[in-house]
Amino acid sequence: MSKSSTTPNWLDPKNLQNIKLCKNRYTKERGHPVLLLISCSVCKTPVMLYQKDGKGKLLRTYLDRILAPNSLTTLLKQCNFAQKNKQMQLKCPKCNQTIGLPMIYQPENRPAFRMIYGSFSRKIIKK
Ligand SMILES: [Zn+2]
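Residues in the sequence shown are numbered from 1340 upward in steps of one, following my numbering.
Now the structure itself:
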């Protein structure tokens, strides 16, 4: 299998160079941001690029911190996200394993995926 068939466009080094980590009140509260690549734990397929603010476990991925792919970054604009329907689950694009479940993080009223422990791996791409 060639590398290009499994590596999505959004993981292209040129694309990665252009990604800028955002700093706002959430980074102020939580700590220095890092760029993470989240992959499926079963088939290792890349699922998303995510900006995590501060250290610690990845319990939630906030929609406003998902940087790629476009199919996920546009979710924030969909008003039915919070209705917890199955279409809004975060799934591996290849093996369809469920990786996250839609939720609203109430203290900040922020839409997010509740990440399912063991369903994904994380790798630091940029600090
Ligand atoms: Zn998978």
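Positions of the beta carbon are idealized from the N, C-alpha and C atoms, including for glycine.
These numbers come from a predicted model, not from an experiment.
Taking the straight line between their C-alpha atoms, what separation do you get for residue i and residue j?
| i | j | result |
| --- | --- | --- |
| SER1380 | GLY1393 | 23 angstroms |
| TYR1444 | LEU1411 | 18 angstroms |
| LYS1359 | THR1366 | 13 angstroms |
| PRO1347 | GLN1428 | 20 angstroms |
| TYR1456 | PRO1441 | 15 angstroms |
| ARG1449 | LYS1353 | 30 angstroms |
| ARG1434 | ARG1364 | Position check: residue 1434 holds Cys in this sequence, whereas Arg was assumed. Their backbone Cα atoms lie some 36 angstroms apart in a straight line. |
| ASN1357 | THR1413 | 19 angstroms |
| GLN1417 | THR1345 | 28 angstroms |
What residue from the options has the CA that sits closest to residue i's CA?
| i | options | result |
| --- | --- | --- |
| CYS1361 | LYS1396, PRO1347, LEU1414, ILE1405 | ILE1405 |
| ILE1438 | ASN1409, ASN1448, THR1366, THR1400 | THR1400 |
| PHE1452 | ASN1409, HIS1371, GLN1356, LEU1415 | LEU1415 |
| ILE1463 | ARG1364, ASN1363, PRO1446, HIS1371 | HIS1371 |
| GLU1447 | LEU1388, LEU1402, CYS1434 | LEU1402 |
| TYR1389 | THR1345, CYS1434, LEU1355 | LEU1355 |
Check whether the Cβ of residue i sits closer than 7 angstroms to any heavy atom of ligand 1, and report yes or no.
| i | result |
| --- | --- |
| CYS1431 | yes |
| VAL1373 | no |
| THR1384 | yes |
| CYS1434 | yes |
Could you pull out every residue in the same chain whose Cβ sits closer than 7 angstroms to the Cβ of residue i, ignoring the five residues on either side in sequence?
| i | result |
| --- | --- |
| LYS1466 | VAL1373 |
| GLN1436 | CYS1379, VAL1381, LYS1430, SER1458 |
| LEU1397 | LYS1391, MET1454, ARG1461 |
| LEU1350 | PRO1385 |
Sorted by chain position, which residues of the same chain lie with C-beta nearer than 8 angstroms to residue i's C-beta, five sequence neighbours on each side aside?
| i | result |
| --- | --- |
| PRO1432 | THR1384, VAL1386 |
| ARG1369 | ASP1392, GLY1393 |
| LEU1375 | LEU1388, TYR1389, GLN1390, LYS1391, LEU1397, ARG1461, LYS1462, ILE1463, ILE1464 |
| GLY1395 | none |
Starting from the C-beta of residue i, find all residues in its chain whose C-beta is less than 6 angstroms away, skip the five residues before and the five after it, and write them out in chain order.
| i | result |
| --- | --- |
| MET1340 | At MET1340 the pLDDT is 44, less than 50, meaning the model places this residue with poor confidence and gives no usable figure here. |
| ALA1407 | TRP1349, LEU1388 |
Continuous beta strand (DSSP E) assignments of at least 3 residues falling wholly in the stretch 1359-1387: The stretch 1359-1387 is shown to contain whole beta strand (DSSP E) runs of 3 or more residues at 1372-1379, in chain order.
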